[in-house]
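Enquirer:
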Amino acid sequence: MGSDLVDFHLSCKKELNVLARSFNILFYGYGSKTALLRKMFPSAIYLNCKIMSRREILAEIMEAVRHRSKLEAQEVSKAPTIREIDEAIGSRKEKYKLVMANFDFGMLEFSSLRNFAILGTVEGIGIRFSLEDVERFNFIFRDLTTFEPYEEEAMGIHLRTTRAEASSRVVRNVPRNSRLVLKEILSCNADAVGLGEIFEKVKRKLFLTSKTSVLSMINEFIDHGLLKIRNGSEIVVCMSLGERNEVAGELDQMD
């Protein structure tokens, strides 16, 4: 995708976040939208209606809610449907954003939700829906053409499993101290954690004298896209919840 096109889409980020307060958004246009949407909505919950079952989608949403709010986790723990989860949450100041690739208009239970904003994508010319469907889901349309090769949103296999396996392979092939640092990062149960906080947690255990030692230990994870450094002082976890669980299980078995 050309840099001008990327810059244009990213320049709309603020506007789209404002629109998501009152509307659901349906993105169309040729090309994979996943990478761009992750940049535009980094805290969103990512789902794929084509390759995930209703049960998997609901489980992913519940896990994300539990992960981000202890209070809401208690409220939604026994809610078996998305509507009951929505009711249990009450009223959030900022809605949870659901990026739903290959949006399925048959998922009527996802209409009229108070605490969730749907950011859906359509990835084919054979998708059929009516004006009534659009109104039911309170959708507005936005072109998000990227011309990028399609990734999992257009495939018939569940790439989350493949990615989890790849992440586990990385973990198995790094030094033990690197695994211990990653384990501490994941144990924080957060999308991002301060570099200084992790340094304080591991410095005595691993005999470290500076934060740069932590960076050198997680460099392999950064190179493979499991983690990234933000503003030089924050470690961001770039794995889905499924990947995190897979990697955490791998770490428990190894150490």
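Position 68 of the sequence shown, counting from 1, maps to 1001 under the numbering used here, and the rest follow consecutively.
Just so it is clear, CB atoms sit at the ideal spot from N, CA and C, and this is done for glycine as well.
1. Counting only runs of 3+ residues fully inside the segment 1011-1069, write out the beta strand (DSSP E) ranges in chain order.
2. Can you tell me which of S1101, V1107, E1130, R1109 puts its alpha carbon nearest to the alpha carbon of I1118?
3. Could you pull out every unbroken alpha helix (DSSP H) segment of at least 4 residues lying fully inside the segment 1085-1171, listed in chain order?
4. Give me the DSSP bridge partner(s) of I1073.
5. Identify, in the order they occur along the chain, each residue of the same chain with its Cβ nearer than 8 Å to the Cβ of V1180, setting aside the five sequence neighbours on each side.
6. With which residues is N1178 paired in a DSSP beta bridge?
7. Assuming contact is defined by CB atoms lying nearer than 8 Å, are M1033 and I1018 in contact in what I supplied?
8. For E948, which of F974, L938, S1024, G1039 has the nearest alpha-carbon?
9. Give me the Cα-Cα distance between E1065 and H1000, rounded to the nearest whole angstrom.
10. Using C-beta distances below 8 Å, list every residue in its chain close to I978, excluding the 5 sequence neighbours before and after it, in chain order.
11. Reducing DSSP to helix, strand and coil, say where I994 ends up.
12. Can you give the Cα-Cα distance for N1164 and S1063, rounded to whole angstroms?
13. Once DSSP output is grouped into helix, strand and coil, what is the label at N950?
14. Check whether the Cβ atoms of K1144 and F1132 lie closer than 8 Å to each other.
15. Spell out the partners DSSP gives L980 in its beta bridges.
16. Under the rule that 16 or more other beta-carbon atoms within 10 Å means buried, what is I1090, buried or exposed?
17. Once you ignore the five residues that flank L1184 on each side, which residues in its own chain have a CB closer than 7 Å to its CB?
18. What's the C-alpha gap between F1070 and S944?
19. Specify, as a first and last residue, the run of the alpha helix (DSSP H) that F941 falls within.
Expert: Looking at the atomic coordinates:
1. 1029-1034, 1049-1054
2. For the purposes of this step, residue 1118 is taken as residue 185 along the sequence shown, with counting starting at 1. Among S1101, V1107, E1130, R1109, the Cα nearest to that of I1118 belongs to E1130.
3. 1092-1105, 1109-1120, 1128-1139, 1144-1156
4. Taking the first residue of the sequence shown as position 1, residue 1073 is located at position 140. I1073 pairs with I958.
5. If you number the sequence shown from 1, residue 1180 lands on position 247. Cβ neighbours of V1180 beyond the five flanking positions: A1097, S1100, S1101, V1104, L1115, L1119, L1159, M1172.
6. Along the sequence shown, read from residue 1 onward, the residue named residue 1178 stands at position 245. BP columns for N1178 are empty, so no partner.
7. For the purposes of this step, residue 1033 is taken as residue 100 along the sequence shown, with counting starting at 1. For the purposes of this step, residue 1018 is taken as residue 85 along the sequence shown, with counting starting at 1. No; because the gap between Cβ atoms is not below 8 Å, this pair is not in contact.
8. The count along the sequence shown starts at 1 and reaches residue 948 at position 15. For the residues F974, L938, S1024, G1039, the minimum Cα distance to E948 belongs to F974.
9. Against the sequence shown, residue 1065 aligns to sequence position 132. Against the sequence shown, residue 1000 aligns to sequence position 67. Using only the alpha carbons, I get a separation of about 35 Å.
10. By one-based count along the sequence shown, residue 978 stands at place 45. Only E993, I994, A997, Y1029, K1030, L1031, V1032 meet the Cβ criterion.
11. Working through the sequence shown from its first residue, we reach residue 994 at position 61. Of the three classes helix, strand and coil, the one that applies to I994 here is helix, per DSSP.
12. Position 231 of the sequence shown, counting from 1, holds the residue named residue 1164. Position 130 of the sequence shown, counting from 1, holds the residue named residue 1063. Cα-Cα distance, rounded: 45 Å.
13. As a working note, residue 950 is residue 17 in the sequence shown. DSSP places N950 in helix when its eight states are reduced to three.
14. For this step, residue 1144 is matched to residue 211 along the sequence shown. For this step, residue 1132 is matched to residue 199 along the sequence shown. Result yes, Cβ atoms of K1144 and F1132 sit closer than 8 Å.
15. Your numbering for residue 980 matches position 47 in the sequence shown. In DSSP, L980 forms a bridge with M1033.
16. Numbered from its first residue, the sequence shown carries residue 1090 at position 157. Low local confidence applies: a pLDDT of 45 at I1090 is under 50, so the model's placement there is unreliable, with the coordinate-based value given in what follows. That one is exposed.
17. Translated into the one-based positions of the sequence shown, residue 1184 becomes position 251. Taken in chain order, the residues that qualify are V1104, R1112, L1115, K1116.
18. Numbered from 1 along the sequence shown, position 137 holds the residue referred to as residue 1070. Numbered from 1 along the sequence shown, position 11 holds the residue referred to as residue 944. The straight-line gap from Cα to Cα measures roughly 26 Å.
19. Here residue 941 refers to the residue found at position 8 of the sequence shown. Its alpha helix (DSSP H) spans residues 936-944.
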